[in-house]
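K.L.:
Position in the sequence shown (from 1) plus 408 gives the number in my numbering.
In this text, a Cβ means the ideal position worked out from N, Cα and C, and glycines have one as well.
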Amino acid sequence: MLRFRRTVYCDNNATTRVGKKAQKAMTEVLGRCYANPSSPYRMAHEAAGILADARACLSRVVNAPPETLLFTSCATESNNSLRAIAPLLPPDKRAILHNPLEHPAMLETLFLLERQGFSLIALKPDRQGRIAPEDLERAWREDVGLAVCMAANNETGTLYDVKAMAAVAHAHGALFFSDMVQALGKIPVDLLDSEVDYASFSAHKIHGPKGVGALYVREGAPFAPFMLGGHQEEGRRAGTEGLHNIAGFAAAAGDVPLQLAGAGELCRRRDALAAALRELAPDCVINSPSASECQPGTLSITFPGRANAVLMGQLDYYGISVAAGSACNTGEDTPSHVLTAMGLSPEEARNTLRISLANDFSDRDLRYVINIFRDILSGAGNTLTAVRPSRLTAEMLFAPDVFIIDLRRTLKTEYALKPLPNSRSFPFFSIGKHLDEIPRNKHILVTCEVGYDAPIIAYYLRRKGYRQLSFLMWGLLGWKLARPQLYARFAGSSAQEGTQNE
Ligand code: PLP
């Protein structure tokens, strides 16, 4: 069915469109106010003023004194600051209780601390990712000095009662750190009221620029700087401030009340989408909790038996951008740690999409997305042939009318399987630059390392007008498992050697 091609961005938990006010604020600073805010002359005073205004603006939005907010380069850095904070815990309080569904920026930091001698205690989420403050209380141990729990989960939208959790931690004389990246702009954030000790934020999740975040350190909370080498941020975070980014962050933060005012509508559209998908695919499973316990706009949904990479490719063909958990973004074969910790099997996690909407998602967008899902789920949409690994034969490899594309993610070595003979390697992210090297009169078979990239690029090529297209399911890794002998014989050999071997 031919549809009017539109672009509907449904991956707002990955990043958001930069708002007009943020763009304007950044352009002004870039063009006019380039002085270093730390310098002594008049030009720099204006820069320092912009910095102070930005801090004051953010402080009003999150209800915290300006001096408790440090600007960082991103929320990943804010979370990593735990590396400098944790060593300040008393020697007999070196256990950390944490939500296992944290973003990798927090989780990897915790794993590093574990390697340095801290012990980690993971809380147990339920099937919707929920963890109650009572769970924190029940899991408490005498040696716990710090509890870590995000305010909203980036994959499912699950909300956590961080105020009650901080109270549990404080009742035990411990500290509490919350990653609030996915909460700001979606639910009210009141730092003084919630009494958390540390919190992290990111501008690009609230229609601000990428490359700037914030760290909240409660007045009196133990703190040691993580970034060294300068006196900026009162000596607590070294590095010349990215003033244009900070100004953009503040402008976006200024619009947070507007974003919050639209949360009810956003929630209604998300729920309408969930209801429509349930009707279209009665066997689908919604992993996000119900509205009152979920960040508005986020929907995690499993379509049993449907590989998320294929669905992503199909939706992308129709201009709809969604996510498939962290695995798909990296091209790795590891299913989402969030979904598996919630009890989904690796297979179910690989059948799961994350749809994350923002306030600019209209009713018209909603109708379009539902219609496209209807086409895809009923098989009426544009469907490409998925070649099962067991079906990839030697004949196919050397058929003169088949052009094999072997996709590679640069800088990835763990899955560096040898390319197929008779194939051309193209980098995943820049294949668009190589279209004139891909013939239009041959059948194109797209392969990749672990199976995520091939369907996405195959549908991309369909959009670019290629007619005869198929992709290898489960990638070369799948082929290695399904056809070990063929793999051993052909993979890595040149076209000529391959023909001779045959
Ligand atoms: N924490 C959460 C919950 C996130 O969703 C993200 C981004 O996806 C981050 C931290 C990292 O943010 P940044 O991109 O600013 O480093």
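Between glycine 727 and the ligand PLP, is there a pair consisting of the residue's CB and a ligand heavy atom that are separated by less than 7 angstroms?
P.N.:
For the ligand PLP, no non-hydrogen atom lies closer than 7 angstroms to the CB of glycine 727.
K.L.:
For asparagine 421, count neighbouring Cβ atoms within 10 angstroms of its own Cβ and tell me buried if that reaches 16, exposed if not.
P.N.:
buried
K.L.:
Quick check on the burial criterion: 16 or more other C-beta atoms within 10 angstroms. Buried or exposed for glycine 565?
P.N.:
Buried, by the Cβ-count rule.
K.L.:
Taking 7 angstroms as the limit between beta carbons, can you name the residues of its chain near cysteine 692, skipping five residues before and five after?
P.N.:
Leu685, Arg686, Ile709, Thr710 and Phe711
K.L.:
Restricting to runs no shorter than 3 residues, where is the beta strand (DSSP E) found entirely within the stretch 674-719?
P.N.:
706-710
K.L.:
Assess, as a yes-or-no matter, whether the stretch 473-488 is touched by the stretch 604-616 under the definition of 3 or more beta carbon pairs within less than 8 angstroms.
P.N.:
Touching, yes.
K.L.:
By DSSP, does glycine 565 sit in helix, in strand, or in coil?
P.N.:
coil
K.L.:
Look at the alpha carbon of leucine 800 and the alpha carbon of phenylalanine 834, and state the distance between them as a whole number of angstroms.
P.N.:
20 angstroms
K.L.:
Given alanine 903, which residues of its chain have a CB within under 6 angstroms of its CB, disregarding the five upstream and five downstream residues?
P.N.:
At alanine 903 the pLDDT is 36, less than 50, meaning the model places this residue with poor confidence; the figure from the coordinates comes in the next sentence. Excluding sequence neighbours, alanine 903 sits near Pro829 and Asn830.
K.L.:
Apply the 10 Å Cβ neighbour rule to histidine 639 and answer buried if 16 or more other Cβ atoms are within range, or exposed otherwise.
P.N.:
exposed
K.L.:
Which whole runs of the alpha helix (DSSP H) in the stretch 859-889 are 4 residues long or more, in chain order?
P.N.:
861-871
K.L.:
Here's the rule: buried if 16 or more other CB atoms are within 10 angstroms of the residue's CB, otherwise exposed. What is serine 838?
P.N.:
exposed
K.L.:
Pop quiz: leucine 521 and isoleucine 504 are said to be a contact at Cβ under 8 angstroms. What is the actual Cβ separation, rounded to whole angstroms?
P.N.:
7 angstroms
K.L.:
Measuring only the C-alpha atoms, how far is phenylalanine 657 from histidine 612?
P.N.:
8 angstroms
K.L.:
From the DSSP output, in three-state form, read off histidine 851 for me.
P.N.:
strand
K.L.:
Exposed or buried, which one is histidine 615 when buried takes at least 16 other CB atoms within 10 Å?
P.N.:
buried
K.L.:
So does valine 589 have its beta carbon nearer than 7 angstroms to some heavy atom of the ligand PLP?
P.N.:
Within the cutoff, so yes.
K.L.:
Where alanine 494 and leucine 554 are concerned, what is the direct C-alpha to C-alpha distance, given to the nearest angstrom?
P.N.:
Going by the C-alpha atoms only, they are around 8 angstroms apart.
K.L.:
With respect to the alpha helix (DSSP H) encompassing leucine 515, which residues constitute its N-terminal and C-terminal limits?
P.N.:
512-523
K.L.:
In its own chain, which residues sit with a C-beta less than 8 angstroms from the C-beta of asparagine 444, not counting the 5 before and 5 after it?
P.N.:
Ala452, Ala455 and Thr648
K.L.:
Report the option in Leu774, Arg463 and Leu567 whose CA atom is closest to the CA atom of valine 620.
P.N.:
In this structure, Arg463 is the residue among Leu774, Arg463 and Leu567 with its C-alpha nearest to the C-alpha of valine 620.
K.L.:
Kindly identify the DSSP beta-bridge partner or partners of tyrosine 776.
P.N.:
DSSP lists no partner for tyrosine 776.
K.L.:
DSSP on arginine 816, reduced to helix/strand/coil?
P.N.:
strand
K.L.:
Return yes when the C-beta of cysteine 418 is under 7 angstroms from any heavy atom of the ligand PLP, and no when it is not.
P.N.:
no
K.L.:
What's the gap between the Cα of phenylalanine 526 and the Cα of aspartate 587?
P.N.:
20 angstroms
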